[in-house]
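Q: Under the numbering used here, think of the first position of the sequence shown as 2, with each following residue one higher.
Each residue gets a CB set at the ideal place from its N, CA and C atoms; glycine is no exception.
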Amino acid sequence: MDHPENSEEYKGLQVNKGVAQQSIVNPYLNRKRFKRVEHTVDELVSGILKGDVTMLSQAITLVESMIPEHQEKAQQVIEKCLPYACNSVRIGISGVPGAGKSTSIDQFGLHVLNNYGGKLAVLAIDPSSERSKGSILGDKTRMEKLAVHPKAFIRPSPSAGSLGGVARKTRETIILCEAAGYDKIFVETVGVGQSETACHSMVDFFLLLQVAGTGDELQGIKRGIMEISDAIVINKCDGDNVKRCEMAAQGFRNALHFFPMPESGWQRKVLTYSGFYGYGIKEIWDMIYEYFDFVKENGYFEYRRHEQNKYWMYETIDNALRNSFYHNPEIKASLKKMEECVQNGEMTSFVAAHKLFEQYIKR
């Protein structure tokens, strides 16, 4: 359209037509180059068994996906990888935020790979925001040495609200990593303190990292996480903090006397070390392998694996029932009405839940 300034009234003034808005996308961009290749189940399984990290990562992404088609495909991959799994030692590492979990894993991983060989997979669980539902997934930046090691694989995953600071699909991810040839698995949890049973139910050894100054013996007894720990390690035992760490270690030893002997028959130990300087790492791993020798000799290692399999069968049933309940069309329609009844004080939360459950059973 011509500008009105070009009319006879404005002789001597001429305005040129504007330039069309250019696309923000590069017209020479080859989109086919960036198209993700969808691999079949057999291709993923073959790549995993060969130790292909790319195939392993894509399979883990399918496991973590909430899309039903991805979940179905992931289950097929897991089923075919299962015969090649269960050939690793699984170690859970937890502790309060700031205890040095990522730094410790970096040091522990290098020590294990340099002294015992094999391959190491680190499944680092990152807390998800309750508001935005997002996660930073930045644990690899704090594992500088391990992140560039050719025999190490680090996979940060969002907790996505999972209980115990362990991602919902971590158990299945362990199977894929074992099938890929990783004979040592580290599971780093969020470190929420009281709800670590999910991690304990998928590892062979549970290590609790602590720092000095977190309370006396009574506080130690109150921590439920100590009861499921196989060993406690006081981190940051260096410089002026050595004496405080030794006192904290003695406090934890005193607290452990009030707990019953674990099923394994293993006497829990409390050690001190420095993750920053690397002091005391050998003593910790001598203790961990002493534990494995102990539980394999008395048969508890296999017993615990069988109990874990049974536990996760029931957990899967619980999740399936929960998903079936909330995705039922009739229940979806009734939920809103029941919410209004509860908010208006017409019935209690327990009665409303009972009525919904009865409706689900009778459908």
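Under the DSSP definition of a beta bridge, which residues are partnered with A232?
A: Numbered from its first residue, the sequence shown carries residue 232 at position 231. Note: A232 sits in a beta bridge opposite L208, K270.
Q: Give me, in chain order, the residues of the same chain whose beta-carbon lies closer than 8 Å to that of E284; leave out the 5 immediate sequence neighbours on both sides.
A: Looking up residue 284 in the sequence shown gives position 283. So the qualifying residues of the chain are L272, Y274.
Q: Count the CB pairs spanning the stretch 108-122 and the stretch 147-160 that are closer than 8 Å, and state whether there are at least three.
A: The stretch 108-122 is in contact with the stretch 147-160.
Q: Per DSSP, what kind of secondary structure is G96 in: helix, strand or coil?
A: Stepping through the sequence shown from its first residue, residue 96 is reached at position 95. Here G96 sits in strand by DSSP.
Q: So A122 and Y183 are supposed to be a Cβ contact under 8 Å. How far apart are they, rounded?
A: For this step, residue 122 is matched to residue 121 along the sequence shown. For this step, residue 183 is matched to residue 182 along the sequence shown. Confirmed, about 4 Å.
Q: Which residues bound the alpha helix (DSSP H) around K244?
A: For the purposes of this step, residue 244 is identified with residue 243 of the sequence shown, where counting begins at 1. Unbroken alpha helix (DSSP H) run through K244: 243-257.
Q: Closer than 8 Å is the cut-off here; do at least three beta carbon pairs connect the stretch 258-269 with the stretch 235-247?
A: Too few Cβ pairs lie closer than 8 Å, so no.
Q: Could you tell me whether the stretch 197-213 touches the stretch 74-93, where touching means 3 or more Cβ pairs closer than 8 Å?
A: With the cut-off at 8 Å, the stretch 197-213 and the stretch 74-93 touch.
Q: Would you kindly check if the distance between the Cβ of Q360 and the Cβ of E341 is under 8 Å?
A: Numbered from 1 along the sequence shown, position 340 holds the residue referred to as residue 341. Numbered from 1 along the sequence shown, position 359 holds the residue referred to as residue 360. No.
Q: Just mark N253 as buried or exposed, buried being the case when its beta carbon has 16 or more other beta carbons within 10 Å.
A: Taking the sequence shown and counting its residues from 1, the one referred to as residue 253 is at position 252. The question names Asn, but residue 253 is Phe in the sequence shown. Classification for F253: buried.
Q: Going by C-alpha to C-alpha distance, which of K170, E44, E80 sits closest to M67?
A: The residue given as residue 67 occupies position 66 in the sequence shown. Residue K170 is the option with its Cα nearest to M67.
Q: Just to confirm the assignment, what range does the alpha helix (DSSP H) spanning F351 have?
A: The residue labelled residue 351 in the question sits at position 350 within the sequence shown. Residues 350-363.
Q: Give me, in chain order, the residues of the same chain whose beta-carbon lies closer than 6 Å to that of G279; leave out the 5 immediate sequence neighbours on both sides.
A: As a first step, residue 279 is located in the sequence shown; it is residue number 278 there, counting from the start. The residues are Q108.
Q: Can you check whether the CB of L257 is closer than 8 Å to the CB of N236?
A: On the sequence shown, residue 236 is found 235 positions in, with the first residue counted as 1. On the sequence shown, residue 257 is found 256 positions in, with the first residue counted as 1. No, the pair does not count as a contact, with Cβ atoms beyond the cut-off.
Q: Under three-state DSSP, which class holds I49?
A: Indexing the sequence shown from 1 puts residue 49 at position 48. If DSSP states are grouped into helix, strand and coil, I49 belongs with the helices.
Q: Does DSSP put R37 in a helix, in a strand, or in coil?
A: Taking the first residue of the sequence shown as position 1, residue 37 is located at position 36. In this structure, R37 counts as coil in the three-state DSSP scheme.
Q: Go ahead and label K338 buried or exposed: buried means 16 or more other beta carbons lie within 10 angstroms of its beta carbon, across all protein chains shown.
A: Against the sequence shown, residue 338 aligns to sequence position 337. Exposed, since its Cβ has fewer than 16 Cβ neighbours within 10 Å.
Q: Using a threshold of 8 Å, state whether the C-beta atoms of E189 and I94 are closer than that.
A: Taking the sequence shown and counting its residues from 1, one reaches residue 189 at position 188. Taking the sequence shown and counting its residues from 1, one reaches residue 94 at position 93. In this structure, I94 lies closer than 8 Å to E189 by Cβ.
Q: Quick one, are the C-beta atoms of C82 and V38 less than 8 Å apart?
A: Within the sequence shown, numbered from 1, the residue matching residue 82 stands at position 81. Within the sequence shown, numbered from 1, the residue matching residue 38 stands at position 37. Taking 8 Å as the Cβ cut-off, C82 and V38 do not qualify as a contacting pair.
Q: Would you give the residue range spanned by the alpha helix (DSSP H) that K102 belongs to?
A: Taking the first residue of the sequence shown as position 1, residue 102 is located at position 101. Element bounds for K102: 102-117.
Q: Can you list, in chain order, the residues of its chain whose CB lies under 8 Å from that of E44, leaving out five sequence neighbours each side?
A: Sequence index remark: in the sequence shown, residue 44 carries index 43 (1-based). Hits under 8 Å: M56.
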